[in-house]
Structures are given as C-alpha cells and as structure tokens.
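The working numbering puts the first residue of the sequence shown at 521, with every later residue one more than the last. Virtual Cβ for every residue (Gly too), placed ideally from N, Cα, C.
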Amino acid sequence: MEIAERVVKILKKRKLHISTAESLTGGMLASSIIDVSGASDVFEEGYITYSDAVKHKVLDVDETALKEYTAVSSVVAKQMAEGTARITGSDIAIATTGYAGPSDAEDGTPAGTVYIGVFYDGISDIRKFCFNGDRNDIRRQTVYEALNMAAEKLV
C-alpha cells in the first residue's frame with residue numbers, strides 16, 4: 521500500500537483530519553494526499569508558504585526565528601506545523617521546509633537539507649534530512665518521509 525493511501529486509511533478509521541504547510545514541496549504533499557480516493561473525508565487545508573513573509577503572515581511563524589535561524593531550520597518547521605494545527609483545528613499537521621537545490625543556499629546550507637515537522641496530539645516531532653538528487657528527487661523524498669512520519673504518529 522502506498523504511504524499516502526495508508527495515512528488516509530488510518531485517518532478515516534480514526535475519524536481524524538490532516539492539514540499541511542509546505543515550502544520546498546510546493547503542494548506535492550497535499551496533492552499526494554488528495555490523490556487518494558476518500559481523502560475528502562480527512563483533508564482539511566493545505567498552505568504553500570514559500571516565502572518568509574507568507575510563513576509569518578499565514579502561519580504566524582516568528583519573524584525573529586526566520587531571521588535568526590532561517591526558514592530552513594527545526595525552529596521554523598516546528599512553528600509551521602504548530603501554526604497549521606492551530607489555524608486549521610486539524611488533528612495532525614505536517615510542515616516541510618528546505619533547500620531543493622540545485623545549488624546550496626547563500627548561507628552555505630547544502631542543497632537537499634530538509635526539515636519536516638509533524639504536530640499531533642499536542643506534540644511536535646521535527647526531523648532533519650539530507651537528501652540527494654535533483655530538485656524533484658529531493659521534493660519527492662520529502663513528501664515520502666513526511667507521510668511516513670505522520671503514519672508513525674497515527675499508529
């Protein structure tokens with residue numbers, strides 16, 4: 521069973537709802553969930569917050585955190601996930617932020633550096649990943665790991 525199908529099945533069985541906030545994945549995460557038949561029973565909202573200004577405006581990510589840690593950090597991934605849960609009222613929220621490349625960030629952070637945040641049952645789980653490949657490979661790996669993290673929390 522595909523990971524998105526597994527997550528939707530668990531959410532339906534437990535009568536829970538999910539929302540997403542995406543930066544580097546640009547909607548791929550929400551799309552992978554919505555591609556599953558029956559997702560309308562569990563998917564609430566999805567935000568593409570590509571710029572720092574939108575992360576702050578929509579998800580209430582702290583401007584100081586964005587400046588001090590950058591958008592590609594555990595602090596910002598945590599605030600994105602928690603903000604999404606707070607705004608949507610969803611039972612579980614997933615946030616993705618990172619550098620898909622092809623080049624490294626201006627601050628030297630390597631392309632493929634990704635943070636995924638999952639907020640569920642009042643607890644945030646933030647993980648750092650270092651993926652290889654081109655932009656789309658990195659984005660696909662991020663979606664897979666984000667859904668895998670959600671599945672871990674739900675079982």
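- Query: Cβ of ILE614 within 9 Å of Cβ of THR604?
  - Reply: yes
- Is the number of C-beta pairs between the stretch 628-647 and the stretch 598-612 that are closer than 8 Å three or more? yes
- Message: Within a Cβ cutoff of 8 Å, which residues of the same chain sit near ALA524, ignoring the five residues on either side of it in sequence?
- Response: SER552, ILE553, ASP555, VAL556 and LEU667
- Query: Taking three-plus beta-carbon pairs below 8 Å as touching, is the stretch 529-536 in contact with the stretch 583-591?
  - Reply: no
- How about VAL595 and THR616: are their beta carbons less than 9 Å apart? no
- Query: Taking the alpha carbon of GLY547 as the point to measure from, which residue in LYS673, GLU672, VAL675 and VAL663 has its own alpha carbon closest?
  - Reply: VAL663
- Message: Using C-beta distances below 6 Å, list every residue in its chain close to GLU542, excluding the 5 sequence neighbours before and after it, in chain order.
- Response: LEU549, ILE568 and THR616
- Query: What do you get for GLU626, buried or exposed, if any count of 16 or more other CB atoms within 10 angstroms of its CB means buried?
  - Reply: exposed
- When the Cα atoms are used, what is the spatial distance from ALA559 to ALA670? 15 Å
- Under the assumption that PRO485 contacts ASP654 (Cβ atoms under 8 Å), give the Cβ distance between them as a whole number of angstroms. Here the chain comprises residues numbered 521 to 675, so residue 485 is not present and cannot be evaluated.
- Task: With a floor of 3 residues, list each beta strand (DSSP E) that falls wholly inside the stretch 526-603, ordered by position along the chain.
- Result: 538-542 and 563-568
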